[in-house]
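Here the structure comes first, spelled out in structure tokens, and everything after it is commentary.
In full-length UniProt numbering, the protein residues as written are 1 to 685.
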């Protein structure tokens with residue numbers, strides 16, 4: 001007789017939470033004690049239960065992993081780019097998890113100089129991330145940063161590229177990024193608050209000195225803002241930025257004068273966002289000033305940077321979102337979005353002649369790539385679609401000639417002609433049309449029988465563009481349709497699309513997703529018995545709300561690192577990111593926001609009802625969504641749900657918000673998710 005596998009049951013310790021005269025009882029509040037052995041024991045019990053419940057899929061997970069890994073060209077390398085006399089490239093070796101960073105002087109035929117072999121550096125670590133590579137102007141030093149915990153607290157070090165020696169200086173608790181002044185010895189970097197992890201201080205470090213003696217250059221005292229530092233593309237200015245969800249402010253200093261004082265570019269005004277780029281005698285400013293909801297481009301003289309001196313270069317347009325610019329000697333390149341689609345616009349400085357790079361379908365993603373060179377007519381951009389692997393393209397802005405430098409190689413029997421993509425529109429409950437892009441294998445019949453995975457994010461104005469994934473082929477080749485719902489809260493249809501999905505409009509994000517699901521069912525792409533939902537982080541919040549509001553629409557749900565305890569988290573300003581999130585979700589210390597937030601917060605709205613089959617994942621060291629949010633949510637779901645559907649919870653005890661660090665280790669997590677979906681469909685090979 002087969003032994004019944006019983007799920008863990010977390011103990012209940014009543015915690016009374018009261019504000020605005022309202023009382024919430026949280027029986028699992030105790031789980032936020034990271035060092036409590038009982039918390040670790042509970043997480044490990046859930047992991048054991050997950051292993052037991054999925055034991056029958058372990059061989060299939062391995063098959064999926066090998067299948068996905070088998071499509072990846074293991075000995076791959078990036079397209080080189082040239083910066084300050086050197087060609088830089090990143091390459092991988094067969095069987096290795098981590099990249100090798102190298103460079104070649106002047107020509108690609110020159111001997112390779114290895115900057116970092118991360119495979120060697122990562123030995124002995126369960127998690128290892130190297131980032132923030134930043135070479136000094138004289139090409140002799142490189143600053144870099146490492147995180148070995150996955151809490152995004154980086155330690156900056158410096159390597160001498162002439163001797164290969166590493167300096168003894170270690171700058172701890174930083175964002176990882178840094179910027180050299182033009183004297184080749186002054187390094188600017190950003191410190192994080194130890195508890196909240198907010199990026200709040202800019203320091204400067206002098207090469208060869210003790211980091212304890214580093215000088216504080218700027219401190220962001222408003223805890224709803226974070227700060228950062230970088231150098232302009234012209235290499236003329238060091239720029240300190242401060243930003244919140246709604247407001248930005250910059251300070252500038254000539255990069256040749258690291259002993260000088262930074263000066264404010266334009267003092268912050270709540271609701272005014274701007275970013276700055278330098279070109280010759282002017283700064284170019286991307287801003288929403290003058291109620292330019294979709295942003296416009298302005299400019300101002302370098303010695304008169306106040307807002308009263310700004311003049312329009314590209315005026316605001318209702319139907320075009322201005323996303324970014326890239327400046328070259330003879331051309332201005334503008335990244336735009338119209339009707340949800342990426343546009344790259346080329347404007348000649350001399351006579352304002354302009355044109356758009358042509359793209360030919362509705363399910364693509366295109367954006368400018370690494371373009372460090374200033375005096376060139378070549379623009380590098382990246383293109384892919386739901387059916388087309390990623391290409392890196394050099395585009396001659398003078399002649400219009402395209403050169404595809406590299407198309408992502410997908411090994412095995414992949415043929416892009418075996419797949420189709422399309423964009424459709426669903427109608428939301430308030431009459432708004434919601435775009436959906438999808439991909440599937442050719443020959444798909446709209447008879448309601450196809451399994452369909454519906455993905456969305458829907459927060460922070462972050463747009464999920466339709467992109468190619470070789471990993472996703474493991475679903476498509478087994479009959480799945482993959483659909484991205486471009487719901488409100490992102491910026492797919494412009495800045496107004498974001499504004500209509502935040503604060504007191506946040507419920508639009510959730511109802512849009514549900515209405516897309518209903519449309520996909522009504523149009524017979526799938527049915528409730530074959531429809532699956534997936535989202536991560538703020539998209540995990542989306543999953544939590546959707547299963548409370550419309551649990552019967554979905555056969556299964558995957559929620560990765562989900563933000564589900566909204567009210568409690570937003571009331572705790574000691575938690576990383578909380579105060580900086582008030583402009584996104586609202587501040588629940590104000591009663592109106594509290595009531596609205598409480599009305600949708602997944603954890604607060606778990607009730608005695610049937611829920612879909614679910615897989616929930618988290619990382620113990622997550623710095624963005626704390627592990628205890630999904631842990632508490634799972635415990636409450638186990639307590640109240642009235643069904644016998646599967647509820648699985650997996651905590652990666654070595655990782656954080658982004659999951660495993662190695663390129664192949666991450667595939668094991670995807671294989672686990674795909675096996676969960678396919679098993680529910682009765683597909684096991």
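The C-beta atom is built at its ideal place from N, Cα and C for all residues, glycine as well. Since the structure is predicted, the reported quantities are computational estimates derived from the model, not experimental observations.
Which residues in the same chain have their Cβ closer than 6 Å to the Cβ of residue i, if we skip the five residues on either side of it in sequence?
{"i": "residue 421", "result": "363, 386, 387 and 439"}
{"i": "residue 175", "result": "190 and 199"}
{"i": "residue 553", "result": "517 and 528"}
{"i": "residue 649", "result": "46, 616 and 634"}
{"i": "residue 260", "result": "253"}
{"i": "residue 122", "result": "98 and 128"}
{"i": "residue 663", "result": "97"}
For residue i, which residues in the same chain have their Cβ closer than 7 Å to its Cβ, ignoring the five residues on either side in sequence?
{"i": "residue 373", "result": "82"}
{"i": "residue 80", "result": "87, 88, 89 and 108"}
{"i": "residue 381", "result": "344, 366, 367, 368, 369, 393 and 395"}
{"i": "residue 673", "result": "558 and 615"}
{"i": "residue 265", "result": "250, 251, 252, 276 and 305"}
{"i": "residue 463", "result": "490, 491 and 492"}
{"i": "residue 112", "result": "102 and 104"}
Residue i: buried (16+ other C-beta within 10 angstroms of its C-beta) or exposed?
{"i": "residue 195", "result": "exposed"}
{"i": "residue 244", "result": "buried"}
{"i": "residue 279", "result": "buried"}
{"i": "residue 162", "result": "exposed"}
{"i": "residue 355", "result": "exposed"}
{"i": "residue 536", "result": "buried"}
{"i": "residue 135", "result": "buried"}
{"i": "residue 657", "result": "Only weak support is given to the placement of residue 657: the predicted model assigns it a pLDDT of 47, under 50, and the question is left unresolved by the model."}
{"i": "residue 425", "result": "exposed"}
{"i": "residue 466", "result": "buried"}
{"i": "residue 684", "result": "exposed"}
{"i": "residue 1", "result": "Because residue 1 sits at a pLDDT of 37, beneath the cut-off of 50, its placement in the model cannot be relied upon, and the following sentence gives the value as read from the coordinates. Exposed, because fewer than 16 other Cβ atoms sit within 10 Å of the Cβ of residue 1."}
{"i": "residue 495", "result": "buried"}
{"i": "residue 688", "result": "With the chain covering only 1 through 685, there is no way to say anything about residue 688."}
{"i": "residue 468", "result": "buried"}
{"i": "residue 110", "result": "exposed"}
According to DSSP, simplified to helix, strand and coil, what is residue i?
{"i": "residue 178", "result": "strand"}
{"i": "residue 344", "result": "strand"}
{"i": "residue 157", "result": "strand"}
{"i": "residue 509", "result": "helix"}
{"i": "residue 657", "result": "Unreliable positioning characterises residue 657 in this predicted model, as indicated by a pLDDT of 47, which lies under 50. A coordinate reading is not provided."}
{"i": "residue 31", "result": "helix"}
{"i": "residue 652", "result": "strand"}
{"i": "residue 614", "result": "strand"}
{"i": "residue 61", "result": "helix"}
{"i": "residue 103", "result": "strand"}
{"i": "residue 301", "result": "strand"}
{"i": "residue 400", "result": "coil"}
{"i": "residue 190", "result": "strand"}
{"i": "residue 40", "result": "helix"}
{"i": "residue 663", "result": "coil"}
{"i": "residue 749", "result": "Absent from the model: residue 749. The displayed extent of the chain is 1 to 685, so no value can be given."}
{"i": "residue 219", "result": "strand"}
{"i": "residue 700", "result": "Since the first and last residues shown for the chain are 1 and 685, residue 700 lies out of range."}
{"i": "residue 678", "result": "helix"}
{"i": "residue 213", "result": "helix"}
{"i": "residue 441", "result": "strand"}
{"i": "residue 310", "result": "coil"}
{"i": "residue 592", "result": "helix"}
According to DSSP, which residues form a beta bridge with residue i?
{"i": "residue 290", "result": "According to DSSP, which records beta bridges pairwise, residue 290 is partnered with nothing at all."}
{"i": "residue 135", "result": "142"}
{"i": "residue 166", "result": "159"}
{"i": "residue 425", "result": "435"}
{"i": "residue 393", "result": "381 and 404"}
{"i": "residue 296", "result": "287"}
{"i": "residue 5", "result": "Paired residues: none, contrary to the question."}
Which residues in the same chain as residue i place their Cβ atom closer than 8 Å to its Cβ, once the five residues preceding and following it in sequence are excluded?
{"i": "residue 633", "result": "544, 562, 564, 565, 602, 603, 606 and 616"}
{"i": "residue 186", "result": "180, 204, 205, 206, 207 and 258"}
Is residue i near the ligand GTP - that is, is its Cβ less than 6 Å away from at least one heavy atom of it?
{"i": "residue 360", "result": "Of ligands this structure carries none, so the ligand GTP is not represented either."}
Would you say residue i lies against chain D (beta-carbon separation less than 7 Å)?
{"i": "residue 532", "result": "Protein chains in the displayed structure number just one, and chain D is not present."}
Every unbroken beta strand (DSSP E) inside the stretch 450-496 [3 residues or more]: 452-455 and 481-485
Inside the stretch 492-566 only - alpha helix (DSSP H) runs reaching at least 4 residues: 495-499, 507-522 and 538-549
3 or more residues per run - each beta strand (DSSP E) lying fully within the stretch 248-280: 248-254, 263-266 and 274-279
Runs of beta strand (DSSP E) lying entirely within the stretch 318-374, each at least 3 residues, in chain order: 321-327, 331-338, 341-348, 354-356 and 364-368
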